[in-house]
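Chains as they are written, first to last, in the UniProt record's numbering: chain A, 1 to 157; chain B, 1 to 157; chain C, 1 to 157; chain D, 1 to 157.
Glycine included, every Cβ here is placed at the ideal spot set by N, Cα and C.
4 protein chains.
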Amino acid sequence: MADSAVTTRTGRTPAHPILEQDATSEWLGIEVVHTAPGEATIAMELRPEMLNGFGIAHGGMVFAFADTAFALACNPHDGPAMAEAPTVTVASGADINFLASAKAGDRLTAVARHRASAGRSGVYDIEITAGSGDGSGTVIAEVRGRSRTIPNPRLRR
Amino acid sequence: MADSAVTTRTGRTPAHPILEQDATSEWLGIEVVHTAPGEATIAMELRPEMLNGFGIAHGGMVFAFADTAFALACNPHDGPAMAEAPTVTVASGADINFLASAKAGDRLTAVARHRASAGRSGVYDIEITAGSGDGSGTVIAEVRGRSRTIPNPRLRR
Amino acid sequence: MADSAVTTRTGRTPAHPILEQDATSEWLGIEVVHTAPGEATIAMELRPEMLNGFGIAHGGMVFAFADTAFALACNPHDGPAMAEAPTVTVASGADINFLASAKAGDRLTAVARHRASAGRSGVYDIEITAGSGDGSGTVIAEVRGRSRTIPNPRLRR
Amino acid sequence: MADSAVTTRTGRTPAHPILEQDATSEWLGIEVVHTAPGEATIAMELRPEMLNGFGIAHGGMVFAFADTAFALACNPHDGPAMAEAPTVTVASGADINFLASAKAGDRLTAVARHRASAGRSGVYDIEITAGSGDGSGTVIAEVRGRSRTIPNPRLRR
Chain A
1 MADSAVTTRT GRTPAHPILE QDATSEWLGI EVVHTAPGEA TIAMELRPEM
51 LNGFGIAHGG MVFAFADTAF ALACNPHDGP AMAEAPTVTV ASGADINFLA
101 SAKAGDRLTA VARHRASAGR SGVYDIEITA GSGDGSGTVI AEVRGRSRTI
151 PNPRLRR
Chain B
1 MADSAVTTRT GRTPAHPILE QDATSEWLGI EVVHTAPGEA TIAMELRPEM
51 LNGFGIAHGG MVFAFADTAF ALACNPHDGP AMAEAPTVTV ASGADINFLA
101 SAKAGDRLTA VARHRASAGR SGVYDIEITA GSGDGSGTVI AEVRGRSRTI
151 PNPRLRR
Chain C
1 MADSAVTTRT GRTPAHPILE QDATSEWLGI EVVHTAPGEA TIAMELRPEM
51 LNGFGIAHGG MVFAFADTAF ALACNPHDGP AMAEAPTVTV ASGADINFLA
101 SAKAGDRLTA VARHRASAGR SGVYDIEITA GSGDGSGTVI AEVRGRSRTI
151 PNPRLRR
Chain D
1 MADSAVTTRT GRTPAHPILE QDATSEWLGI EVVHTAPGEA TIAMELRPEM
51 LNGFGIAHGG MVFAFADTAF ALACNPHDGP AMAEAPTVTV ASGADINFLA
101 SAKAGDRLTA VARHRASAGR SGVYDIEITA GSGDGSGTVI AEVRGRSRTI
151 PNPRLRR
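Below you can see the structure in the form of structure tokens.
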């Protein structure tokens, strides 16, 4: 698959159509590291407001991060603006296994990849690692995502 | 099961030991509506910063909300402070089905209930509804949570 | 919900339209204990050929048993013969947690219940217990089933 | 990873320790195509008694087939006989997505691969394809398996 140009959140245009006006991804501080058809790699820093009472990453924040990578991999990175896309692909469900913890300041990376499809349904793998950002890392969660391609809800209005 | 006193986030003491110093639940604006052994009901208002690019609840925020209800149901609401509990119960994994969308201003409610256990493993159901807060509501997601009881990581230090 | 008449596999007519010509359910020795809209209870005896190398129930046999209960709960027990039904509801996926083991001679019971729906998608719970058949039992597995209602594939021909 | 010798069920010794006295795998007609540390490929022919009332593969049979591949990948193919192994790795749960159907006479192949581990817990992917046996095939199901390594239950006696 051809590699797209590396784009980060700091640019003026969103790095991927799915991130247009995505307030949650903005709050999380998502950086797009790489996108290609059926693939996406994103990164973010785990901030103190993303921790639970044990002082480690809240499972919900890890899932939200993975869910964003999933959405990027499901939809074309070089497609039309979301307002004009005839169809969009959304998560119909997902299963997450928590394998290790992460702490404030860790750089999280999520790699999402298409695995299989049938009709309008798809299956994706999303792996989340935590590290200090130098390339090494520990797998902290594995997500199996289920997608469904539907008519663009924005065009229903 | 005996009902606990209804407690909200606005009180000085946390409504449940699991919420002590839980920065994510604080950011989400979780209110504890009801707790009992193996059960928890929580609520929150869906704010604009919890939406995705389609203008509806980000799946990660719905999951994070459910995950908090799950944590409350897994751990005793009248137990010792988290710093003193010999064991804690954490999520080892979860499966979520997204059934409907929610919009800014919706009041979300999550009801978590223990279903079955074997040794240190447990299975919980968490149902999330969205409504205007008057009691009616639409089920927007169903979560099946997997728990594991482990030695308190705070006591390892 | 109104209770249907209790029917067993020993009768001449299948206890449920979904069991017509279902070779696997016949091989398993499924008995239909109870059906009602969105519900089904079935039973079977665990035979030696359903064990794995540890001498306990093969996880695949436990799943197959649960999957049959799921199919019965998804489709009307008093509906038309399968050859004539305009739509059928099938499993699009399922998640199983194995909680305890079962041994040859155990009577297994599966109780499937509808939990929630959205459009053509549904969510079901299936609980499997093992016992000596006197009513008591141990939960050996919990299944969360995902259903999809589709045009009857038999009518496509 | 070093490749093991290709072994089939027709040999006198089981192709993998996990298949010793495994009555279900014997009934299914499992052939071991390939094993290596953390990997297993198996095949079987879909027989008429493995079909449901729609005349296609019963979901439970597809799962049972995948579950066997999962067990082979979880346990060493060149380890001690099961009666002597100090620990064994078992399925604590699994999630399956059904993507396409299979018909009698199809040759099914399951490829199981280790994905990640943490302590005694592991995550595996199992992909099931159906074809005429000439190498091509359609993905009919994707399974995400959860494993747990436990003391050998046979040694408890």
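Would residue i pass as a contact of residue j if the rule is Cβ separation under 8 Å?
{"i": "R144(C)", "j": "D95(B)", "result": "yes"}
{"i": "H34(A)", "j": "T41(A)", "result": "yes"}
{"i": "A112(C)", "j": "F65(C)", "result": "no"}
{"i": "G60(D)", "j": "L19(C)", "result": "no"}
{"i": "E142(C)", "j": "A116(B)", "result": "yes"}
{"i": "G29(B)", "j": "E45(B)", "result": "yes"}
{"i": "S92(B)", "j": "F98(A)", "result": "yes"}
{"i": "T129(A)", "j": "G137(A)", "result": "yes"}
{"i": "S147(C)", "j": "R107(C)", "result": "no"}
{"i": "L51(D)", "j": "A57(D)", "result": "yes"}
{"i": "G38(D)", "j": "H114(D)", "result": "yes"}
So, is residue i buried or exposed, given that buried needs 16 or more other C-beta atoms within 10 angstroms?
{"i": "I150(C)", "result": "exposed"}
{"i": "A73(B)", "result": "buried"}
{"i": "A81(D)", "result": "exposed"}
{"i": "I140(D)", "result": "buried"}
{"i": "G105(B)", "result": "exposed"}
{"i": "A83(D)", "result": "exposed"}
{"i": "T87(A)", "result": "exposed"}
{"i": "P17(A)", "result": "buried"}
{"i": "L155(C)", "result": "exposed"}
{"i": "P153(B)", "result": "exposed"}
{"i": "S101(B)", "result": "buried"}
{"i": "S121(C)", "result": "buried"}
{"i": "P14(D)", "result": "buried"}
{"i": "D125(C)", "result": "buried"}
{"i": "residue 175(A)", "result": "Residue 175(A) lies beyond the range of chain A shown here (1 to 157); nothing can be said about it."}
DSSP on residue i, reduced to helix/strand/coil?
{"i": "S92(A)", "result": "strand"}
{"i": "E26(B)", "result": "helix"}
{"i": "R47(C)", "result": "coil"}
{"i": "A15(B)", "result": "coil"}
{"i": "P37(A)", "result": "coil"}
Just to check, is the beta-carbon of residue i closer than 7 Å to a non-hydrogen atom of the ligand COA?
{"i": "V33(B)", "result": "In the structure on display, the ligand COA does not appear, and there are no ligands present to speak of."}
Check the Cβ-Cβ distances between residue i and every residue of chain E, and say whether any is below 8 Å.
{"i": "F65(B)", "result": "No chain E is present in this structure, whose protein chains are A, B, C and D."}
Within 8 Å of chain D by C-beta, residues of the UniProt domain "Thioesterase" (54-133) of chain B in sequence order: S92, G93, D95, S121
Secondary structure, alpha helix (DSSP H): runs of 4+ residues fully inside the UniProt domain "Thioesterase" (54-133) of chain A: 59-74
Interface positions of the stretch 138-151 of chain A facing chain D (Cβ-Cβ less than 7 Å), listed along the chain: In summary, the residues of the stretch 138-151 of chain A whose CB is separated from some CB of chain D by less than 7 Å are V139, E142, R144, R146, in the order they occur in the chain.
Positions along the stretch 19-31 of chain A whose CB lies within less than 7 Å of some CB in chain B: L19, E20, Q21, D22, A23, T24, W27
Chain C contacts from the stretch 39-50 of chain D (Cβ-Cβ distance under 7 Å): P48, E49, M50
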